[in-house]
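Residue numbers (our numbering): -18 to 442. The next block holds one structure in the form of structure tokens; read it before the comments.
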């Protein structure tokens, strides 16, 4: 059985006698028939929340008893206090929003550590206060693993001390971290091994390069319950010739409509001295069940080889480039392949409905009016508000649902619809509506929207 340790706050030791003293006389009735009562506090239901999330207290059920007929609940003052908090908590009443006001019926606070927080509520009007009511809030830390951040890649001269920086690592629940660094790789000319970092259990260990090349250090952090995934930082050391720079392209999630054959892009790589580069790609990781390996790439030495993924998931590739003397630091790119079943439906937007007015000439003979037709009208069609949640390319199709209009460009995002002449009646505005449907489609799904254009036709002398 586990026990939650908590401490009573100084205010909690005083609140009960103070509350009892403030209650005053029992309910009374004046000569007008109004029954006066002390307010009643209702601190709301007990809550269980995640550590560091905002707790919203709810005292809205507080007020006067139903037997009372007095008004003024909108002037009640709500005062919260912490009766008990976890032993190591530094929280106090200053953490409560709007405390001691009418707005404090919905006061908020943020727990600072895991444990049990006991709060009491007093509700007061101008003459008396309620007895206190209690609510218990239990804050629990989640089980998310911490995140290691080994810092930015850097460069240094041989035989000089380089400080690595993992201080940006963090735990989602705010737990204190334990650091573990190691030298993951070193150039073939180096005599350094995995344990040759100074202060490898600190957030900022140091490295002294012993030859030209790229040294890669790894960092994992622990929150006492779980270890993070490793993060890597490279230090490029040289005593003369500058290392070339590898650029494996941007990591991204591939849209389901992108297909299964993907091109890598190492064209961003360069050599500071302008030397011609050689390329070397390797497969770092693939999803479980995938058969993709180096043989799946069309070339390991091209700047932009192709590969075909076979299982949805993350594919990570590493690129190094060589200037004829030195190899670059490795650069990695991760591409997330998605099955077509993950494709999201596009959203069609045919634009706002439109209307215009037109007039026609009318003549009379023997008290009978004869009117010309109102001239045909043109309206702009605009599908630019359509979009695909996956970022897929869209195709557009406009369709005249009325069967009498003409569309200038049925398969463009922007088009023009021409509606025919409409019949006019003397001194009467008659509305004629025409519907145009927009279909937008990605590689697998489609959606529709309809825009209505209206001509108001009136006959005049």
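Ideal placement from N, C-alpha and C gives every residue a C-beta, glycine not left out.
Beta-carbon proximity list for residue i, same chain, < 6 Å, skipping 5 on both sides
i           : result
residue 449 : There is no way to answer for residue 449, as the model of the chain reaches only from -18 to 442.
residue 344 : 351
residue 443 : Here the chain covers residues -18 to 442 and nothing more, so residue 443 does not appear.
residue 199 : 163, 165, 211 and 213
residue 208 : 201
residue 390 : 396
residue 336 : 435
residue 426 : 326
residue 60  : 81 and 103
residue 153 : 125
Residue i and residue j closer than 7 Å at C-beta
i           : j           : result
residue 116 : residue 25  : yes
residue 237 : residue 329 : no
residue 397 : residue 441 : no
residue 218 : residue 302 : no
residue 82  : residue 40  : no
residue 30  : residue 120 : yes
residue 114 : residue 22  : yes
residue 109 : residue 48  : no
residue 184 : residue 147 : yes
residue 143 : residue 188 : yes
residue 443 : residue 197 : Residue 443 is absent from the structure shown; the chain starts at -18 and stops at 442.
residue 317 : residue 295 : yes
residue 190 : residue 149 : no
residue 145 : residue 186 : yes
residue 282 : residue 260 : yes
residue 77  : residue 84  : no
Residue nearest to residue i in terms of C-alpha spacing, selected from the options
i           : options               : result
residue 263 : 170, 297, 242 and 244 : 297
residue 371 : 326, 267 and 363      : 326
residue 122 : 276, 205, 82 and 229  : 205
residue 460 : 146, 380, 342 and 305 : Because the chain here runs from -18 to 442, residue 460 falls outside it and cannot be looked at.
residue 384 : 416, 96 and 314       : 416
residue 373 : 422, 190, 316 and 74  : 422
residue 28  : 19, 63, 38 and 22     : 38
residue 132 : 151, 120, 222 and 119 : 151
residue 408 : 349, 427, 118 and 68  : 349
residue 235 : 146, 85, 79 and 319   : 319
residue 194 : 222, 184, 187 and 207 : 222
residue 241 : 197, 392 and 293      : 293
residue 308 : 71, 300 and 375       : 300
residue 107 : 156, 91, 57 and 88    : 57
residue 167 : 51, 192, 245 and 244  : 192
residue 68  : 90, 288 and 97        : 97
residue 128 : 145, 84 and 157       : 157
residue 155 : 77, 52, 306 and 126   : 126
residue 50  : 17, 61, 60 and 76     : 17
residue 91  : 141, 33 and 75        : 33
residue 412 : 338, 283, 59 and 368  : 338
residue 321 : 347, 424, 76 and 52   : 424
residue 448 : 334, 239, 341 and 306 : It is not possible to answer for residue 448, since the shown part of the chain is limited to -18 through 442.
residue 382 : 111, 414, 364 and 250 : 414
residue 170 : 368, 369, 306 and 62  : 306
residue 284 : 111, 315 and 250      : 250
Any chain C beta carbon closer than 7 Å to residue i
i          : result
residue 52 : The structure shown contains no chain C, having only a single protein chain.
Neighbourhood of residue i by C-beta distance below 8 Å, restricted to the same chain and skipping five residues each side
i           : result
residue 362 : 331, 332, 379, 388, 395, 396, 397, 398, 417, 419 and 432
residue 124 : 206 and 207
residue 286 : 244, 245, 262, 278, 279 and 280
residue 392 : 376, 377, 378 and 379
residue 266 : 295, 296 and 297
Beta-carbon proximity list for residue i, same chain, < 7 Å, skipping 5 on both sides
i           : result
residue 54  : 44 and 45
residue 291 : 271, 272 and 273
residue 93  : 70, 71 and 72
residue 406 : 352 and 440
residue 429 : 329, 418, 419 and 420
Residue i Cβ short of 6 Å to the ligand FMN heavy atom set
i          : result
residue 73 : Annotation note on the ligand FMN: not contained in the displayed structure, which lists no ligands.
Worksheet item: Looking at C-beta atoms only, is the number of pairs between the segment 90 to 103 and the segment 176 to 195 that lie closer than 8 Å three or more?
Response: Three or more Cβ pairs closer than 8 Å define a contact, and the segment 90 to 103 falls short of that threshold against the segment 176 to 195.
Fill in: Contained alpha helix (DSSP H) runs [length at least 4] in the segment 350 to 407, N- to C-terminal order
Scanning the segment 350 to 407 from its first residue to its last, no whole alpha helix (DSSP H) run of 4-plus residues comes out.
Worksheet item: Do the segment 353 to 369 and the segment 396 to 404 touch if we need at least three Cβ pairs shorter than 8 Å?
Response: Under the three-pair Cβ rule at 8 Å, the segment 353 to 369 counts as touching the segment 396 to 404.
Discussion item. For the segment 251 to 258 against the segment 168 to 177, do three or more pairs of beta-carbon atoms, one drawn from each stretch, fall closer than 8 Å, so that the two count as touching?
Written reply: At 8 Å Cβ cutoff, the stretches do not touch.
Discussion item. To test your reading of the DSSP string, which unbroken alpha helix (DSSP H) runs of 4 or more residues are found completely within the segment 138 to 226?
Written reply: Complete alpha helix (DSSP H) runs here, min 4: none at all.
Discussion item. Quick check on the DSSP output: what are the complete beta strand (DSSP E) runs of length 3 or more inside the segment 266 to 306, in order along the chain?
Written reply: Listed in chain order, they are 287 to 289 and 294 to 303.
Worksheet item: Is the number of C-beta pairs between the segment 226 to 242 and the segment 265 to 284 that are closer than 8 Å three or more?
Response: No, they do not touch.
Worksheet item: If you scan the segment 55 to 123 from start to end, which runs of the beta strand (DSSP E) of 3 or more residues do you find wholly inside it?
Response: As far as the segment 55 to 123 is concerned, its whole beta strand (DSSP E) runs of at least 3 residues are 58 to 67, 96 to 105 and 114 to 121.
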